[in-house]
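Enquirer: Please read through the structure below; I'll follow up with questions.
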Amino acid sequence: MSRNFLVVDPEEGIEVLKGLASTIRVKILKLLHVEGPMNGNEIAERLELPQSTVSTNIQILEGAGLIRTETQKARKGNQKICHSTFDEVLVMFKEDITPLHANTVEVAMPLGLYTSCQVSAPCGLCSSEGIIGLLDVPDTFLDPERMKAGLIWFTRGYVEYQFPNNAKLSQNKIDSIEVSLELSSEVPGTSADWPSDITLSVNGTEIGTWTSPGDFGDKRGVYTPSWWKLKGSQYGKLKGWRVTENGTYVDGLKISPVSLKDLDLENHHSIRLRIAVKEDAKHPGGLNIFGRGFGNYDQDIVLRLTTAR
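Take 7 as the starting number for the sequence shown in my numbering and just add one per residue.
Here it is in structure tokens:
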């Protein structure tokens with residue numbers, strides 16, 4: 007399962023909001039999402055609208071990036087085929103970012119706010135109140151209730167998050183990028199001896215792999231709710247990835263030569279963080295990600311940028 011998501015900050019994505027601010031345009035988007043690509047005449051016929059009205063609204067949607075079009079040859083001349091760009095659009099305000107130090111900014115990302123995903127069963131999500139959707143059904147990762155997730159698990163695949171590149175916005179040179187999150191392997195039940203290779207990527211570049219030793223269930227996690235069964239994953243290891251000009255480190259130990267230069271963050275408006283168990287992993291032992299309300303550390307996925315003073 008692979009789906010595309012768009013997260014919009016109303017202060018920055020006004021064109022997207024304008025594109026959605028029309029019943030006709032919403033109907034066009036829904037039609038393309040459900041039925042697949044269509045040309046303007048087909049859309050007009052299905053929605054019982056004048057072709058000129060559909061054409062005008064297609065231009066607005068295309069300008070907002072909510073659809074993409076391609077020209078194909080038809081019996082008479084050419085026709086423009088419309089494709090839905092995103093499966094889901096989320097509107098949210100970015101949190102104010104308070105510097106830890108004058109040269110440090112930190113963003114905490116809730117587990118459920120991934121912008122792309124592709125997972126295989128066994129898999130699932132839950133909030134501190136209960137299970138979200140259906141267990142072992144990958145499509146559950148599209149459930150809007152995922153926004154409340156405090157625990158995510160899957161066997162293979164990835165979840166990807168889109169962070170703002172605040173250093174670029176402030177035009178500061180980045181000295182290091184750090185990611186902190188609580189992780190464990192995933193096995194039916196639990197097993198302290200169940201290694202899994204967990205790989206992180208930034209903007210499409212793999213920065214390194216950490217091998218989780220197991221799936222921990224010997225005792226209840228400090229923040230894991232009482233309703234969560236004891237035979238399920240209880241907590242993980244709090245791991246910190248750090249990329250500098252000299253390479254990538256996990257908890258201070260160098261694990262790869264990938265450096266800030268390889269990430270080219272100065273030319274990216276956002277920082278896409280992918281957390282994955284790859285198909286060709288040597289130890290494909292699944293993945294648990296613990297967020298607020300679960301595990302031993304009551305935190306989201308934290309990204310920290312340190313800039314030059």
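Yeah, the Cβ is synthetic: ideal placement off N, Cα and C, and Gly gets one too. As the structure is a prediction and not an experimental result, all values here were calculated from the model.
Output the residue ranges of the beta strand (DSSP E) runs that lie fully inside the stretch 70 to 98 and measure 3 residues or longer, sorted by chain position.
Expert: Listed in chain order, the complete beta strand (DSSP E) runs (minimum 3 residues) inside the stretch 70 to 98 are 73 to 79, 84 to 90, 94 to 97.
Enquirer: When DSSP labels each residue in this structure, what does residue 239 get in the three-state scheme?
Expert: Stepping through the sequence shown from its first residue, residue 239 is reached at position 233. Coil, per DSSP.
Enquirer: Considering only DSSP beta bridges, list what residue 260 is partnered with.
Expert: Mapped onto the sequence shown, residue 260 falls at position 254. BP columns for residue 260 point to 255.
Enquirer: Any idea which residues DSSP pairs residue 282 with across the strands?
Expert: To locate residue 282, count along the sequence shown from 1; it is residue 276. Answer is 164, 205.
Enquirer: Output the boundary residues of the beta strand (DSSP E) element that contains residue 47.
Expert: Within the sequence shown, the letter at position 41 stands for residue 47. Premise fails: residue 47 lies in the alpha helix (DSSP H), 46 to 53, not in any beta strand (DSSP E).
Enquirer: According to the Cβ coordinates, are residue 292 and residue 143 closer than 8 Å?
Expert: One-based indexing of the sequence shown puts residue 292 at position 286. One-based indexing of the sequence shown puts residue 143 at position 137. No. Outside cutoff.
Enquirer: Note the first and the last residue of the continuous beta strand (DSSP E) segment covering residue 298.
Expert: The sequence position of residue 298 within the sequence shown is 292, counting from 1. Residue 298 -> no beta strand (DSSP E), and no H or E assigned at all.
Enquirer: Have a look at residue 249 and residue 182 and give me their C-alpha separation to the nearest angstrom.
Expert: For the purposes of this step, residue 249 is taken as residue 243 along the sequence shown, with counting starting at 1. For the purposes of this step, residue 182 is taken as residue 176 along the sequence shown, with counting starting at 1. So the two alpha carbons sit approximately 6 Å from each other.
Enquirer: Report the residue from 219, 276, 88, 303 whose alpha carbon sits nearest the alpha carbon of residue 229.
Expert: Here residue 229 corresponds to residue number 223 of the sequence shown, with the count starting at 1. Answer by Cα proximity: 303.
Enquirer: For residue 170 and residue 273, I'd like the C-alpha separation in whole angstroms.
Expert: As a first step, residue 170 is located in the sequence shown; it is residue number 164 there, counting from the start. As a first step, residue 273 is located in the sequence shown; it is residue number 267 there, counting from the start. Those two C-alpha atoms are separated by around 13 Å.
Enquirer: Answer with buried or exposed for residue 237, where buried requires no fewer than 16 other C-beta atoms within 10 angstroms of its C-beta.
Expert: Here residue 237 refers to the residue found at position 231 when the sequence shown is read from its first residue. With fewer than 16 other Cβ atoms within 10 Å, it is exposed.
Enquirer: Taking just the CA atoms, how far does residue 286 sit from residue 316?
Expert: The displayed coordinates of the chain run from 7 to 315. Any statement about residue 316 would go beyond what the structure contains.
Enquirer: Please state whether DSSP places residue 117 in a helix, a strand or coil.
Expert: In the sequence shown, counting from the first residue as 1, residue 117 sits at position 111. Residue 117: coil per DSSP, three-state reduction.
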